[in-house]
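Notes follow once the structure below has been shown.
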Amino acid sequence: MTYRNPVPTVDIIIELVDRPERPIVLIERRNPPYGWAIPGGFVDYGESIETAAKREAKEETSLEVELLEQFYLYSDPDRDPRQHTLSAVFLAAATGEPKAADDAKNLGIFELWRLPTPLCFDHDRILRDYRRYRHYGQRPRP
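Residue 1488 is where the sequence shown starts when you use our numbering, and the numbers rise one by one after that.
In structure tokens:
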């Protein structure tokens, strides 16, 4: 019998805490699916999700981040058109000037009410949940 399991991933909502309004960093993907995305990626075998989050943030944005908290776990089987993934989403703080790297074709700094389109995966839902949390203190509900 062959077992198929979801693949673990991380996404990191990076707030630039040295700027007014604490904008977030998004990347424009170089590879399919194309569009704008929260920085993140696959967890490597033998790697903790915290280590993966810091690594992916550095690889895609050139920023050293401080993980503040694990925000929520997103697991809809259709969240990634390539395969079934689970994403542990972290909130993180950073300072400095981000630069697109790795599989990021471009990088942008956005206020939560001025997000680009299209957003990949389920990142529109994640950022909607984050906006509600940031402004009203309400976490996503299972």
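Using N, Cα and C, we set each Cβ at its ideal position, and we do this for glycine too.
query, result
"Buried versus exposed call for TYR1561 [16 or more other C-beta atoms within 10 Å across all chains shown]", "buried"
"4 or more residues per run - each alpha helix (DSSP H) lying fully within the region 1547 to 1579", "none"
"Pair within 9 angstroms by beta-carbon distance, PRO1519 and ARG1569", "yes"
"Run of the alpha helix (DSSP H) containing LEU1614, from where it starts to where it stops", "1610 to 1623"
"Close Cβ partners of TYR1620 (< 8 angstroms) along its chain, the five nearest in sequence each way excluded", "PHE1558, ARG1626 and PRO1627"
"Spatially closest choice to GLY1522 from GLU1553, THR1582, LYS1592 and ALA1580, by CA coordinates", "LYS1592"
"Simplified DSSP state of LYS1586, which is helix, strand or coil", "coil"
"Closest by C-alpha distance to GLU1456, when choosing among ILE1613, ASP1590 and TRP1600", "Residue coverage of the chain in this structure runs from 1488 to 1629, which leaves residue 1456 outside it and unanswerable."
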